[in-house]
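Chains as they are written, first to last, in this note's numbering: chain A, 39 to 352; chain B, 19 to 238.
Report on the structure given below.
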């Protein structure tokens, strides 16, 4: 399921809801779609979950929805609503580590509220951290608490927090080296710090773990391009395009830029390209132009076609 | 002996449309860092920011899609007689977003690198607009309180910077419509009608080429 498809499906569901505003099954579909695809739309969750829960016929399905609404309420800073869901969840699941983790998130979110004093915010942040550390101490294999700790540190953003976040994530990956998402997160954290070589290593792990997925190859190509390693980037762009030739605009654009950089190095050295490079340049150029040519003439995006053609000398 | 006159700072003026676009972009992706390029005009001692072009909401540190976006932005500038005059950035972290001065927050490393690169390419004065998340929250509280509030004009939710030596320095500048609160009220109206959802950045346009970007805007 590509990103484009996921977004289109959600748009369809949202449109259906706009047409019939009290359609509970549509609301449930939206909540499932958002939860399963890990899309972050607290506004939608709030809109759908509140009416559904007030109807009271959900039975056991309500707990997933309450958790979802809890998280959305935190995002929206609707702390009373979040507390309501939390109370319901902790009453129903009294000794749950999962609910304990949610408590940590509650404090994390409250710690960002400007309605509180600086000192209160710091205390709440510390409270959250100690909950995660307690969970990890009780259950060293805990995936959620370990990941939550990394996320909490990362969102605090000080130099020390970032260093600890990276260290904690590396610790986690020592235990779970096949967690592709974990390596992706690590790569993102390195990129935020402008540590491209380290990000590269993390993404290489992802490519090893997901060798037939077009996205990790694409990301690795982009990092290599950013490191000025155009020849190597080109290989990964090519592999990504082979795995997904038709709906991969970043790869075709990236290939175009890559082959251009190889042909005419910025350093002013003489042409470096070979026959393969020229062929790949021509191919990617065709793909990019073709993308705009295929648009319906009244599509808003079609107004970019003249700019694209002008850029590519078409 | 007469004292040497101090170098006058560059004046920065941001049109309401550009201000609103950048904030809508930030509000569309509240948990991510977002960025964009600022287009407008330069005249003696002044930068006027006329258009904000939303670029990315993921992997801001990566070069290729920035390069592609800039290639198209340059074509657009040629057709509209605009210049690249700066950069905007809204960081994911709630605070720790210090951009001005010699020591910046580590989470702003990417913003600084891109801003410096734009400045080096343009070889002229540039403006960097950094969204202030805490100030946005204050604006939100003031808007919620409803009654016409004399304090609103103090909060724009953005911090403007120009280059000073090797670092960026915050400057006062003017954002059209902020002082009398009309810009903030318009922002609220736009968010209420879902304009931030409709906004298309370069990432969105890449995912779906039929969506208008660069030449279209959700802000009137």
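Even for Gly, the Cβ is constructed at its ideal location relative to N, Cα and C.
Computed from a predicted model, the values in this text were never measured in an experiment.
For residue 136 of chain B, not one C-beta of chain A is nearer than 9 Å to its own C-beta. Leaving aside the five residues that flank residue 261 of chain A on each side, the residues in its chain whose CB is nearer than 7 Å to its CB run, in chain order, 234, 237, 238, 241. The C-alpha of residue 341 of chain A lies about 20 Å from the C-alpha of residue 215 of chain B. Put simply, of A:207, A:55, A:136, A:208 the residue whose alpha carbon is nearest the alpha carbon of residue 176 of chain A is A:136.
DSSP places residue 231 of chain A in the coil class of the three-state scheme, outside both helix and strand. Under a criterion of Cβ atoms nearer than 7 Å, the residues of chain B adjacent to residue 231 of chain A are, in order, 124, 127.
Runs of the alpha helix (DSSP H) lying entirely within the segment 201–248 of chain A, each at least 4 residues long, are 218–230, 234–247 in chain order. Spatial neighbours of residue 258 of chain A in its own chain (CB-CB distance under 6 Å, excluding positions within 5 residues in sequence) are listed in chain order as 241, 245, 274. Remark: C-beta atoms of residue 204 of chain B and residue 56 of chain B do not approach each other more closely than 9 Å. Between the alpha carbons of residue 252 of chain A and residue 75 of chain A lies a distance of about 18 Å. Straight-line measurement puts the Cα of residue 187 of chain A at about 9 Å from the Cα of residue 169 of chain A. What residue 318 of chain A touches in chain B, judged by beta-carbon distance under 9 Å, is nothing: the nearest beta carbon there is about 15 Å away. In this structure, B:218 is the residue among B:218, B:233, B:236, B:226 with its C-alpha nearest to the C-alpha of residue 75 of chain B. For residue 180 of chain B, the uninterrupted beta strand (DSSP E) run begins and ends at 176–182, by DSSP.
Taking 8 Å as the upper bound for CB-CB distance, residue 36 of chain B and residue 70 of chain B are in contact here, some 4 Å apart.
A straight-line Cα-Cα distance of about 8 Å links residue 270 of chain A and residue 263 of chain A. Excluding the 5 residues flanking it on each side, residue 203 of chain A has same chain C-beta neighbours closer than 6 Å at 188, 191, 192, in chain order.
For residue 181 of chain B, the closest C-alpha among the options B:224, B:130, B:99, B:231 is that of B:130. The C-alpha of residue 64 of chain A lies about 36 Å from the C-alpha of residue 201 of chain B.
For residue 72 of chain B, the enclosing beta strand (DSSP E) starts and ends at 64–72.
Only those residues of the segment 46–59 of chain A whose C-beta falls short of 7 Å from the nearest C-beta of chain B would be listed, and there are none. Inclusion of residue 84 of chain A and residue 125 of chain A in the CB contact set at 9 Å is not warranted, their separation being larger than that value. Assignment of beta-bridge partners to residue 194 of chain A by DSSP yields no partner. Not a single CB atom of chain A sits nearer than 9 Å to the CB of residue 42 of chain B.
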